Amino acid sequence: DLMILLEPLEKATKHLSAASYPTHSNIQFVFMSFQQHLDVYIKKERFSQNNVATSMNKKLVKYWEIMDSSSIISVVLNPRTRLKIFNDITKQENAINLTHQAFNLYKSQLKPSVPCNNMNSDEPELYTTRQFFWQLGSQDY
1 DLMILLEPLE
11 KATKHLSAAS
21 YPTHSNIQFV
31 FMSFQQHLDV
41 YIKKERFSQN
51 NVATSMNKKL
61 VKYWEIMDSS
71 SIISVVLNPR
81 TRLKIFNDIT
91 KQENAINLTH
101 QAFNLYKSQL
111 KPSVPCNNMN
121 SDEPELYTTR
131 QFFWQLGSQD
141 Y
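For the sequence shown, UniProt numbering gives the first residue as 1, with consecutive numbering after it.
Here it is in structure tokens:
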């Protein structure tokens with residue numbers, strides 16, 4: 001019975017590992033699916049690993065509190081998923097609202113990028129990474 005619980009966890013670990021290069025939006029899908037899997041076995045009174053499933057779910061909920069909002073935004077912005085993984089209209093609306101809130105926050109804090117004009121000068125100058133790549137992208141070759 002324990003293997004029934006652990007098999008999806010193994011697959012999730014492999015899928016989300018750096019070796020497979022998943023996108024951040026995969027986290028939402030994997031967490032939601034794994035929580036549904038655990039819920040099925042938590043509700044089965046005759047399942048011998050019921051307490052293990054409950055314990056795993058509590059730990060998952062704790063981690064999920066950290067990951068939820070950022071992964072929701074990634075899902076909404078991912079053209080492969082968008083709102084497809086949210087199974088009811090309330091979750092879809094919450095995802096849209098969260099994405100709008102993040103966008104409005106970024107927009108309110110937006111400071112225009114200023115290209116650095118003296119990259120070719122002889123004076124040593126410290127450049128931020130953004131300035132470096134701004135200049136690099138605007139060079140004439």
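Glycine included, C-beta positions come from ideal geometry on N, C-alpha and C. Source: prediction; values computed, not measured.
Q) Counting along the chain, where does the alpha helix (DSSP H) carrying I24 start and finish? A) To locate residue 24, count along the sequence shown from 1; it is residue 24. Here residue 24 turns out to be His, not Ile, going by the sequence shown. No alpha helix (DSSP H) contains H24, which DSSP labels as neither H nor E.
Q. What are the start and end residues of the alpha helix (DSSP H) that includes S48?
A. As a first step, residue 48 is located in the sequence shown; it is residue number 48 there, counting from the start. Element bounds for S48: n/a, residue is neither H nor E.
Q | Cβ neighbour criterion (16 or more within 10 Å) applied to residue 142 | A | Lying before the first or after the last residue shown, residue 142 is absent from the chain, which here runs from 1 to 141.
**Q.** Chain-order list of residues whose beta-carbon lies under 6 Å from that of P8 (same chain, five-residue window excluded)
**A.** The residue you call residue 8 lines up with position 8 of the sequence shown. Answer for P8: F34, H37, listed in chain order.
Q: Check whether the Cβ of I96 lies closer than 7 Å to any heavy atom of the ligand FMN, and answer yes or no.
A: Although the ligand FMN was asked about, the structure shown includes no ligands whatsoever.
**Q.** Distance, S48 Cα to I85 Cα
**A.** For the purposes of this step, residue 85 is taken as residue 85 along the sequence shown, with counting starting at 1. For the purposes of this step, residue 48 is taken as residue 48 along the sequence shown, with counting starting at 1. Those two C-alpha atoms are separated by around 31 Å.
**Q.** I96 and V76 closer than 8 Å at C-beta
**A.** Translated into positions along the sequence shown, residue 96 becomes position 96. Translated into positions along the sequence shown, residue 76 becomes position 76. Their beta carbons are under 8 Å apart, which means I96 touches V76 by this criterion.
Q: Determine the direct distance from the alpha carbon of F31 to that of A102, and round the result to whole angstroms.
A: If you number the sequence shown from 1, residue 102 lands on position 102. If you number the sequence shown from 1, residue 31 lands on position 31. So the two alpha carbons sit approximately 22 Å from each other.
Q) Between the Cα of I72 and the Cα atoms of T54, K91, L6, S108, which residue gives the shortest distance? A) The residue labelled residue 72 in the question sits at position 72 within the sequence shown. The shortest C-alpha separation from I72 is found at K91.
Q: State buried or exposed for M56, treating a residue as buried only when at least 16 other CB atoms are found within 10 Å of its CB.
A: Along the sequence shown, read from residue 1 onward, the residue named residue 56 stands at position 56. When all chains shown are included, M56 counts as buried.
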